[in-house]
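Data first, discussion second: the structure below is written as structure tokens.
In the working numbering, the protein residues as written are 181 to 259.
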């Protein structure tokens with residue numbers, strides 16, 4: 181577990197996640213041209229439960245989208 185402190189909506193908070201989740205969140209933020217803090221704030225606005233859980237579920241949803249795109253792109257054409 182890696183604990184990071186950040187400011188979200190003007191309040192300091194700490195979030196604990198496993199390193200692979202931090203890595204994925206950083207990659208997603210970079211691909212969108214935003215900071216990690218900005219991405220976390222966007223996720224925080226839409227969450228129902230705890231922030232750590234919301235971040236993990238967000239990463240999972242993004243991976244599922246990527247998987248769906250890869251499956252669609254590699255589907256053989258019917259002849």
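Just so it is clear, CB atoms sit at the ideal spot from N, CA and C, and this is done for glycine as well.
All of these numbers come straight from a predicted model, not from anything done at the bench.
Determine contact between the stretch 210-228 and the stretch 241-248, defined as no fewer than three beta-carbon pairs at a distance below 8 Å. Three or more Cβ pairs closer than 8 Å define a contact, and the stretch 210-228 falls short of that threshold against the stretch 241-248.
Does DSSP put residue 186 in a helix, a strand or coil? Mapped onto the chain shown, residue 186 falls at position 6. Residue 186 falls in the strand class under three-state DSSP.
Those residues which DSSP pairs with residue 192 across a bridge: In the chain shown, counting from the first residue as 1, residue 192 sits at position 12. In the DSSP output, where bridge partners are listed per residue, residue 192 has 187.
I'd like to know whether the C-beta atoms of residue 206 and residue 216 end up nearer to each other than 9 Å. As a first step, residue 206 must be located in the chain shown, where it is residue number 26. As a first step, residue 216 must be located in the chain shown, where it is residue number 36. Yes, the Cβ-Cβ distance between residue 206 and residue 216 is below 9 Å.
Let me check understanding here. Comparing Cα to Cα, which of 249, 240, 248, 251 lies closest to residue 200? Reading the chain shown from its first residue, position 20 is the one you call residue 200. The candidate whose alpha carbon is nearest that of residue 200 is 240.
Buried/exposed call for residue 249, threshold 16 Cβ in 10 Å: Residue 249 sits at position 69 when you count from the first residue of the chain shown. Per the 10 Å Cβ criterion, exposed.
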